[in-house]
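Here the structure comes first, spelled out in structure tokens, and everything after it is commentary.
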Amino acid sequence: GDSVTQMEGPVTLSEEAFLTINCTYTATGYPSLFWYVQYPGEGLQLLLKATKADDKGSNKGFEATYRKETTSFHLEKGSVQVSDSAVYFCALRDPGGYNKLIFGAGTRLAVHP
Amino acid sequence: DTEVTQTPKHLVMGMTNKKSLKCEQHMGHRAMYWYKQKAKKPPELMFVYSYEKLSINESVPSRFSPECPNSSLLNLHLHALQPEDSALYLCASSQQGQLLNEKLFFGSGTQLSVL
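Here it is as structure tokens:
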């Protein structure tokens, strides 16, 4: 079945450092891809998405490009802030419908001043 | 109003108790979801309702019983749970459930502990 693999965390960075969180997927066809963020004690929020190959999703300084050749959707940010500390989930939409999302294991990011 | 509201935020129950989790949204969404998230794990889909009808049951044990009394409300009735059912239960909603690339709106969850 379809699956998502994320780099293991935690990722610890200093403020203003460059962030990359790797995400690769296995799927039949070309699913839509998402990054969700979960702040402590909260639910998940959609950070960005891409619906087809070569699409770039972006939001709040975060970017990810849908790479069909490498089946990847890596999350990047040029300069992280302490407020970016959270758990980041890569996900794909199951093609079976009903908006079923398949999540990766999540990567915890800790940003220190 | 773009919120999904879940109550209670925290719940502690014994294995013989019966309790219910409640989820509410007023965005006019017709699809609502229950996800279960164990500590340090990703969310896993449990149920999907679309237009108040159960559309997906991901082989969830019968001790979890969902109910969608109307398009704004989603309940999860709990009975005879096990300690391994302790988790964060997340509710979500989306426009219809079947449109491509619908955005899911998540609530902040109910943290459930089963003793």
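Protein sequences, first through last, are from chains A and B. Per the numbering used here: the first sequence = residues 553 to 665. Per the numbering used here: the second sequence = residues 28 to 142. Built from N, CA and C at the ideal position, the CB exists for glycine as well. Computed from a prediction, not measured in an experiment: that's the story for all the values here.
A:Lys-652: contacting residues in chain B (beta-carbon distance under 8 Å):
Correct list: Leu-72, Val-75, Ile-83.
Rounded separation between A:Glu-628 and A:Asp-607 - CA only
Computed Cα separation, rounded: 14 Å.
Closest residue to B:Pro-70 among A:Tyr-577, A:Pro-665, A:Val-556, A:Leu-661 (Cα-Cα distance)
Checking every option, the nearest Cα to that of B:Pro-70 belongs to A:Val-556.
Within 10 angstroms of the Cβ of B:Met-42, are there 16 or more other Cβ atoms? Answer buried if so, exposed if not.
Result: exposed.
A:Ser-635 in three-state terms, based on DSSP:
Annotated three-state conformation of A:Ser-635 is helix, per DSSP.
Using DSSP with H/G/I as helix, E/B as strand and the rest coil, what is B:Pro-110?
Helix.
Strictly by DSSP, which residues pair up with B:Ala-119?
DSSP lists B:Tyr-60, B:Phe-133 as partners of B:Ala-119.
Please report the residue range of the beta strand (DSSP E) in which B:Lys-80 lies.
Run containing B:Lys-80: 80-84, per the beta strand (DSSP E) assignment.
Step through the CB atoms of chain A and report whether any lies within less than 9 Å of the CB of B:Glu-129.
Taking CB atoms only, B:Glu-129 has a neighbour in chain A less than 9 Å away.
With B:Pro-146 as the anchor, note down where its beta strand (DSSP E) starts and where it stops.
The structure shown does not extend to residue 146 of chain B, since chain B spans only 28 to 142, so no value can be given for it.
Answer yes or no: does any C-beta atom of chain A fall closer than 9 Å to that of B:Val-31?
Interface flag for B:Val-31 against chain A is set, since a Cβ pair is found closer than 9 Å.
Taking the alpha carbon of A:Arg-645 as the point to measure from, which residue in B:Lys-130, B:Cys-95, B:Glu-94, B:Asp-112 has its own alpha carbon closest?
Closest option to A:Arg-645, judged by alpha-carbon separation, among B:Lys-130, B:Cys-95, B:Glu-94, B:Asp-112: B:Lys-130.
Go ahead and label B:Leu-117 buried or exposed: buried means 16 or more other beta carbons lie within 10 angstroms of its beta carbon, across all protein chains shown.
Per the 10 Å Cβ criterion, buried.
Going by DSSP, what residue range makes up the beta strand (DSSP E) through A:Asn-611?
A:Asn-611 -> beta strand (DSSP E) spans 608-611.
Closest to B:Leu-72 by CA distance: which of B:Glu-30, B:Gln-64, B:Glu-51 is it?
Among B:Glu-30, B:Gln-64, B:Glu-51, the Cα nearest to that of B:Leu-72 belongs to B:Gln-64.
What residues in its chain sit with their C-beta under 7 Å from that of B:Ser-99, if we drop five residues either side in the sequence?
Cβ neighbours of B:Ser-99 beyond the five flanking positions: Glu-51, Gln-52, His-53.
So, helix, strand or coil for A:Ala-579, using DSSP?
Residue state, collapsed to three classes: coil.
With respect to the beta strand (DSSP E) encompassing A:Ala-662, which residues constitute its N-terminal and C-terminal limits?
659-664 is the extent of the beta strand (DSSP E) around A:Ala-662.
DSSP three-state label for A:Phe-625, please.
In the structure shown, A:Phe-625 adopts coil according to DSSP, grouped into three states.
Identify the residues that DSSP records as bridge partners of A:Ala-643: which are they?
Note: A:Ala-643 sits in a beta bridge opposite A:Phe-586, A:Phe-655.
Which residues does DSSP list as the beta-bridge partners of A:Lys-601?
When beta bridges are read from the DSSP output, A:Lys-601 appears opposite A:Phe-586.
Does B:Gln-52 come within less than 9 Å of chain A when only Cβ atoms are used?
Chain A has no Cβ within less than 9 Å of the Cβ of B:Gln-52.
Straight-line Cα distance separating B:Leu-103 from B:Phe-91:
Spanning the alpha carbons of B:Phe-91 and B:Leu-103 requires a straight line of approximately 7 Å.
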